[in-house]
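Engineer: Chains as they are written, first to last, in this note's numbering: chain A, 47 to 159; chain X, 0 to 112. To start, I am sharing the structure in question, which I have written as structure tokens.
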Amino acid sequence: NAGVTQTPKFRVLKTGQSMTLLCAQDMNHEYMYWYRQDPGMGLRLIHYSVGEGTTAKGEVPDGYNVSRLKKQNFLLGLESAAPSQTSVYFCASSFELRYSPLHFGNGTRLTVT
Amino acid sequence: AQSVAQPEDQVNVAEGNPLTVKCTYSVSGNPYLFWYVQYPNRGLQFLLKYITGDNLVKGSYGFEAEFNKSQTSFHLKKPSALVSDSALYFCAVKNTNAGKSTFGDGTTLTVKP
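This is the structure we're talking about:
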């Protein structure tokens, strides 16, 4: 039982390049989330999904797109990376809407030069 | 809109002493409150939650938290700190709108031998 797995762990991009971050969970969770973590700013919600085939914008969605074609996978895409997107990205999943805690992956550290 | 405040960026305590990490929240409706811990280069791990019932909630690793509705606070406590408790701690509030969680900016706990 791996929980939430994120790939890759590290990535360096040049401005304008694109990439996709993959999140996979094996807990059959319905709800999945992408957060970014920046020093002194806590975690901010980028996009989320309440089930297979659904996605919605969070607090800071600009410059990102997501897809949830399969229940266990939630992809985060950067179409044209900018230095402001340098951050640590965390994927999380949750079994239930209100009472269940979030289960986090170990993060992807992205640097955009 | 919901919000979480962690008024202290840093808390320093000596090993064996009690510790408190503070959290206040603002939310409409019933609060669903969580504490998470983050170790270096890892994702957040769930510690404990308050949903309803007793105001004193017990969680993992000997941690507990006190919910105070009148002060809108949810402070994390431990009677006797360990050096291994040194980490970054996040308070979060979850709403019923897709289960989105809002996090505080985090408090770095340092326990000195």
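Idealized CB from N, CA, C, for every residue including glycine. Note that the structure is predicted; figures quoted are calculated from it, not measured.
Can you look up X/SER27 in the DSSP assignment and give me helix, strand or coil?
Structural biologist: X/SER27: coil per DSSP, three-state reduction.
Engineer: Are A/MET78 and A/SER95 close, meaning C-beta to C-beta below 8 Å?
Structural biologist: Cβ atoms of A/MET78 and A/SER95: closer than 8 Å.
Engineer: With distances taken Cα to Cα, identify the nearest neighbour of A/PHE192 among A/THR61, A/ILE92 and A/VAL158.
Structural biologist: Beyond the ends of chain A as shown, which are 47 and 159, falls residue 192 of chain A; an answer cannot be given.
Engineer: Which value, in whole angstroms, describes the spacing of the CA atoms of A/ASP108 and X/TYR35?
Structural biologist: Looking at the two C-alpha atoms, the distance is approximately 27 Å.
Engineer: Three or more C-beta pairs closer than 8 Å, one from the segment 39-49 of chain X and one from the segment 0-15 of chain X: is that the case here?
Structural biologist: Contact between the segment 39-49 of chain X and the segment 0-15 of chain X is absent, because fewer than three Cβ pairs lie under 8 Å.
Engineer: Are A/ASN111 and A/GLY97 touching if we call contact CB-CB under 8 Å?
Structural biologist: Against a cut-off of 8 Å, the Cβ pair of A/GLY97 and A/ASN111 comes out as no contact.
Engineer: From X/ASN29 to A/GLN83, what does the alpha carbon distance come to, in whole angstroms?
Structural biologist: X/ASN29 and A/GLN83: Cα-Cα distance of roughly 27 Å.
Engineer: Below 7 Å between beta carbons is the criterion; list the residues of the segment 128-158 of chain A that meet it against any residue of chain X, in chain order.
Structural biologist: The residues in question are PHE136, SER140, LEU143, ARG144, TYR145, PRO147, LEU148, PHE150, GLY151, ASN152 and GLY153.
Engineer: What residues in the segment 54-83 of chain A bring their beta carbon closer than 7 Å to a beta carbon of chain X?
Structural biologist: Hits within the stretch, in order: TYR77.
Engineer: Work out the CA separation of X/TYR49 and X/SER72 for me, nearest whole Å.
Structural biologist: One C-alpha to the other measures close to 11 Å.
Engineer: Just reading off the beta strand (DSSP E) that A/ILE92 is part of, what are its end residues?
Structural biologist: Residues 89-95.
Engineer: Over the uninterrupted beta strand (DSSP E) stretch that includes A/GLN52, give me the two end residues.
Structural biologist: Looking at the DSSP string, the run of the beta strand (DSSP E) that includes A/GLN52 is 50-53.
Engineer: Check the Cβ-Cβ distances between X/TYR49 and every residue of chain A, and say whether any is below 8 Å.
Structural biologist: No - not a single Cβ of chain A is within 8 Å of the one on X/TYR49.
Engineer: Judging by CA-CA distance, which residue of X/GLU65, X/GLY61, X/LEU46 and X/LEU47 is the nearest neighbour of X/LEU55?
Structural biologist: Checked all of X/GLU65, X/GLY61, X/LEU46 and X/LEU47; the closest Cα to X/LEU55 is X/GLU65.
Engineer: Restricting to runs no shorter than 3 residues, where is the beta strand (DSSP E) found entirely within the segment 32-71 of chain X?
Structural biologist: With a minimum length of 3 residues, the continuous beta strand (DSSP E) runs that stay inside the segment 32-71 of chain X are 43-49, 55-57 and 63-67.
Engineer: In chain order, what are the residue ranges of uninterrupted beta strand (DSSP E) at least 3 long that sit wholly in the segment 117-145 of chain A?
Structural biologist: Correct list: 119-124 and 133-140.
Engineer: Under 6 Å Cβ to Cβ from X/GLY58, same chain only, skipping five residues before and after it: list those, please.
Structural biologist: Within the same chain, X/GLY58 has close Cβ partners LEU46 and LEU47.
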